[in-house]
Amino acid sequence: MSFTSMSALPFELEQDIFENAANSDRRSALSLALVARRVQFWVEPVIYNCVALQYGGSESARVLEGFISATKTKPASFFARYVKTLLLSDIPTCFMMEILAVCTGLTDLRVWPYTPSPVTQFVVASSIRPTHLYFSAEHLAAHGRPPNFSLPLFQELTHLELHDTWGQLMAWAPNFAMLPQLTHLALAFGFPFSCGSIASYGLSTILANCSKLKVCVLRCMLSEDELRFGQDTAIANSIVDPRVVVVGWRRSQARWAGGLWNEKANLWNQANAIVAAR
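Be aware that the sequence shown starts at 100, since it is given in the numbering used here, and climbs by one per residue.
Below, the structure written as structure tokens:
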């Protein structure tokens, strides 16, 4: 359809066409934004709704630079209103702080694989109230004390994923009961751990005390050899609660970020399907 014929369409219909096109193919949304200023206004909310900023090649660097540049030209209210899902991976702490300062309306925040201490402290004290949060847990605990999950940041969380050692995560087991809306919990951890330590009192405490918990995913960082010899299956067989899903996990940026764009790769969708089939 030519631009001339498009301009003859009713305004509302033209807007619907461009918004639907942008929603159906996010990669084409950037091109659509160049058609006309009014089209840019329509599709930008789609472009900025879900943002992944990471180091990993020239394309990722270009996206990061473009976003930082946009924060200089657009009002903070734009990002607060439209950016709802944000992934930050392996980018400088100063950039993370700058980005989080304007993205205050987030419902889904993912910082991977490492959450720097200043970023953790900033987010905990901020007005951000996510329903989904993915963090390395190291700096959530202040001065050796368990994290205070009663703080406002955590009160609307339904989905939480934390990365740390198994022993550290289990030391916090009673505190997960402070998360009143929690329905989905994922714990990612590496060695040292054993099947016996995983089927532990700590995990039982979490499962018993989190009243709304529907799914608990254990993401064990296993090598290819460990997966081949069924280490993930052995861990799964040591746990009887039907809400627990055990998955072997390689520390891969591409795999971890894939769930943003691909519903089939989404951890929660996969875990929900496994639990529902039991």
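Even for Gly, the Cβ is constructed at its ideal location relative to N, Cα and C.
In this text, all values refer to a predicted model and were calculated from it rather than measured experimentally.
Bridge partners of C149 according to DSSP: T184. Annotation: I305 to W141 spans about 44 Å, alpha carbon to alpha carbon. The residue from S337, L317, M320, K313 with its alpha-carbon nearest to that of A375 is K313. Contact annotation: C309 and F275 have beta-carbon atoms nearer than 8 Å. Around the beta-carbon of L256, 16 or more other beta-carbon atoms lie within 10 Å, marking it buried.
When the alpha-carbon of W348 is set against those of G289, S216, Y300, the nearest one is in G289. Within its own chain, the residues whose Cβ lies closer than 8 Å to the Cβ of T282, once the five positions on either side in sequence are excluded, are T257, H258, K311, L312, K313, V314, listed in chain order. Following the DSSP letters along the chain, one finds G301 inside the alpha helix (DSSP H) bounded by residues 300-308. For V344, the enclosing beta strand (DSSP E) begins and ends at 343-348. In summary, E143 is buried, with 16 or more beta-carbon neighbours lying within 10 Å of its beta-carbon over all protein chains present. As the crow flies, the alpha-carbon of R228 is around 12 Å from that of A179. Within a 10 Å sphere around the beta-carbon of R161 sit fewer than 16 other beta-carbons, which makes this residue exposed. Bounds of the alpha helix (DSSP H) holding L268 are 265-270. In this structure, DSSP gives R209 an extended state, which the three-state scheme calls strand. Assignment of C202 by DSSP, reduced to helix, strand and coil, places it in the coil class. Here S216 is exposed, its C-beta having fewer than 16 other C-beta atoms within 10 Å.
Each residue's CA atom was taken as its position, placing A370 and V344 some 6 Å apart. Note on geometry: alpha-carbon atoms of L186 and K171 lie some 20 Å from one another. For the 8 Å CB-CB criterion, Y233 and V201 do not form a contact. Shown here, A375 sits in a helix according to DSSP, grouped into three states. Contact check for H238 against T219 passes: the beta carbons are separated by less than 8 Å. Counting along the chain, the unbroken alpha helix (DSSP H) around R161 starts and ends at 157-172.
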